[in-house]
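In terms of the numbering used here, the sequence shown is residues 1 to 126.
Take a look at the structure set out below.
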Amino acid sequence: MGLVTPLKAHTLAFWLNRKLNIQLKRVEDHEVYAARGVKLAAVLFKHTLEHGYLALLQNRGFLHGGKRGYVLPELKQMDYFFLFEDESAGFDPVQYGERIRSCPGVQLVFKPDIRKLKSKDNLITY
1 MGLVTPLKAH TLAFWLNRKL NIQLKRVEDH EVYAARGVKL AAVLFKHTLE
51 HGYLALLQNR GFLHGGKRGY VLPELKQMDY FFLFEDESAG FDPVQYGERI
101 RSCPGVQLVF KPDIRKLKSK DNLITY
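The structure is reproduced here in structure tokens:
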């Protein structure tokens, strides 16, 4: 899911933890290779499930030299991605989307068509 919000990553993680009853925790930055092989580091929070994970990934990150870049440059309007991988039958993305919308400061929650993105591999968090 894509999220649009002016909130800082730690504040958004706090609200997601409260609304979704989870424990997103800051982990090592998610690193991807941007254009011309330059490494991009983006903030990543994760919550481990019995059969998967939930993750909050910031779209904007830092390139080598302190410049800013995007995990998915095609979706610059998105501030964060709420990623989920769960092989159990107990996960309902629609219900999670509704709860995320109820977080203070979250302006928009939507599901982008990942299949159409050139840089979709940048969302792989393992």
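Positions of the beta carbon are idealized from the N, C-alpha and C atoms, including for glycine.
TODO: Could you pull out every residue in the same chain whose Cβ sits closer than 8 Å to the Cβ of residue 33, ignoring the five residues on either side in sequence?
DONE: Taking the first residue of the sequence shown as position 1, residue 33 is located at position 33. Only 39 and 40 meet the Cβ criterion.
Task: CB contact flag (residue 7, residue 17, <7 Å) - done: Within the sequence shown, residue 7 is the residue found at index 7, counting from 1. Within the sequence shown, residue 17 is the residue found at index 17, counting from 1. No, they are not a contact pair.
- [ ] If I'm right that residue 77 touches residue 27 with Cβ under 8 Å, what's the distance once you round it to whole angstroms?
- [x] Here residue 77 is taken as the residue at index 77 of the sequence shown, counted from 1. Here residue 27 is taken as the residue at index 27 of the sequence shown, counted from 1. No, residue 77 and residue 27 are not in contact; Cβ-Cβ is about 25 Å, not under 8 Å.
Open item on the list: Checking the sheet assignment: what are the DSSP bridge partners for residue 31?
Closed with: On the sequence shown, position 31 is the one that residue 31 refers to. Answer is 41, bridged to residue 31.
Task: Contacts around residue 88, its chain only, beta-carbon distance under 7 Å, and the 5 residues preceding and following it disregarded - done: The residue labelled residue 88 in the question sits at position 88 within the sequence shown. For residue 88, where only same-chain residues beyond five positions count, the Cβ hits under 7 Å are 50 and 51.
Task: Local conformation of residue 111 per DSSP, three classes - done: Taking the sequence shown and counting its residues from 1, the one referred to as residue 111 is at position 111. Residue state, collapsed to three classes: coil.
Task: residue 19, DSSP secondary structure in three states - done: By one-based count along the sequence shown, residue 19 stands at place 19. Reduced to three states, the DSSP call for residue 19 is helix.
Open item on the list: With distance defined between alpha-carbon atoms, name the residue in 118, 68 and 79 nearest to residue 107.
Closed with: Within the sequence shown, numbered from 1, the residue matching residue 107 stands at position 107. It is 79.
Task: Outcome for residue 43 when other beta-carbon atoms lying within 10 angstroms are tallied against a minimum of 16 - done: Indexing the sequence shown from 1 puts residue 43 at position 43. When all chains shown are included, residue 43 counts as buried.
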